[in-house]
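In our numbering, the protein residues as written are 217 to 277. Where a beta carbon is used, it is the ideal one built from N, C-alpha and C, also for glycine. All figures in this text were calculated on a predicted structure; none of them were measured in a lab. To start, the structure itself, in structure tokens.
What follows is the structure, encoded as structure tokens:
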């Protein structure tokens with residue numbers, strides 16, 4: 217299952233976790249995805265959207 221927003225395309229970001237001793241280990245930041253039903257082209261469709269897009273969808277209704 218891909219961690220990607222179906223509307224804006226926000227994906228997983230990679231980087232380093234840096235400790236106080238400046239040790240670096242790889243880590244990732246995942247988007248806050250919400251499974252919801254949206255009306256796309258006049259039809260109901262199940263989509264995975266990030267929280268920012270979810271707020272926009274709820275406001276549009």
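Contact set for residue i: own chain, Cβ-Cβ below 6 Å, skip 5 residues either direction
i, result
"residue 227", "220"
Neighbour flag for residue i against chain D, beta carbons, 7 Å
i, result
"residue 254", "No chain D is part of this structure, which consists of one protein chain only."
Close Cβ partners of residue i (< 7 Å) along its chain, the five nearest in sequence each way excluded
i, result
"residue 254", "261, 263 and 273"
"residue 266", "221, 224, 226, 247, 248 and 249"
Check: residue i C-beta below 6 Å from any heavy atom of the ligand NAP
i, result
"residue 252", "Of the ligands one can find in the structure shown there are none, so the ligand NAP has no counterpart to examine."
Closest Cα partner of residue i within the set the options
i, options, result
"residue 218", "259, 251 and 235", "251"
"residue 243", "237, 229 and 256", "229"
"residue 231", "269, 245, 271 and 256", "245"
Identified DSSP bridge partners for residue i
i, result
"residue 266", "249"
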